[in-house]
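Under the numbering used here, think of the first position of the sequence shown as 3, with each following residue one higher. Report on one structure; see the data block that follows.
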Amino acid sequence: MTNNDLFQRVKELKLPIGKYALFGSAPLGIRKLKDCHDIDIVVTEDLWNEYKSKNWEIKTMPHGSQYLLNNEIELWKDWKPGNWDIQELIDEAEMIDGIPFVKLEYVIEWKRKNGREKDLKDIETIEKLLRTQK
């Protein structure tokens, strides 16, 4: 499945603007910097509860966070590691092709907290992009 296919699935959900933003690798994927295997979406708690009542599978992470999964799309009402203000991430999101994406600065911060090898590579990619945009 291509990034465009995944982003099209997000559009088809018709989620309300101001209640969600794409996080994880999606802000890189929309810029053609990475292939996405799924889409992580941070959502307001009321939107999460609405989709919880639909046919979305509830998954639990080892640290206790729950997310909803359907067709390679994950809905999160919290975001780990770290203590993130989900509404702030949503409010400050960048609109690209009609979809809100968490700002790259927050993606870097989250990837630093994770510290996995793939995250460190992504940080290099993002920082290179940001340098060329200045």
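Don't be surprised by glycine CBs; every beta carbon is placed ideally from N, CA and C. Please read these numbers as outputs of a predicted model, since none were measured by experiment.
With 16 as the cutoff for other CB atoms within 10 Å, does residue i come out buried or exposed?
{"i": "P64", "result": "exposed"}
{"i": "L71", "result": "exposed"}
{"i": "L91", "result": "buried"}
{"i": "L1", "result": "The structure shown does not extend to residue 1, since the chain is modelled only from 3 through 136, so no value can be given for it."}
{"i": "I32", "result": "buried"}
Helix, strand or coil, according to DSSP, for residue i in the structure here?
{"i": "W78", "result": "strand"}
{"i": "L70", "result": "strand"}
{"i": "P102", "result": "strand"}
{"i": "D124", "result": "helix"}
{"i": "L24", "result": "strand"}
{"i": "E59", "result": "strand"}
{"i": "E94", "result": "coil"}
{"i": "I19", "result": "coil"}
{"i": "W110", "result": "The question names Trp, but residue 110 in the sequence shown is Ile. Looking at I110 - three-state DSSP - the assignment turns out to be helix."}
{"i": "D7", "result": "helix"}
{"i": "I176", "result": "Outside the shown range of the chain, which is 3 to 136, sits residue 176, and nothing can be said about it."}
{"i": "D42", "result": "strand"}
Leaving out five residues before and five after residue i in sequence, what residues of the same chain have Cβ atoms less than 7 angstroms from its Cβ?
{"i": "K115", "result": "P83, G84"}
Spatial neighbours of residue i within its chain, please: C-beta separation below 6 angstroms, excluding the five flanking residues on both sides.
{"i": "Y22", "result": "I43, V45"}
{"i": "V109", "result": "P29"}
Distance, Cα to Cα, residue i vs residue j?
{"i": "W112", "j": "D121", "result": "9 angstroms"}
{"i": "P102", "j": "A28", "result": "10 angstroms"}
{"i": "D80", "j": "T134", "result": "32 angstroms"}
{"i": "A95", "j": "E119", "result": "26 angstroms"}
{"i": "Q10", "j": "K136", "result": "30 angstroms"}
{"i": "D37", "j": "S55", "result": "30 angstroms"}
Closer than 8 angstroms by C-beta to residue i: which residues in its own chain qualify, once you throw out the five before and the five after it? Chain order, please.
{"i": "G100", "result": "K13"}
{"i": "W58", "result": "L70, L71, N72, L77"}
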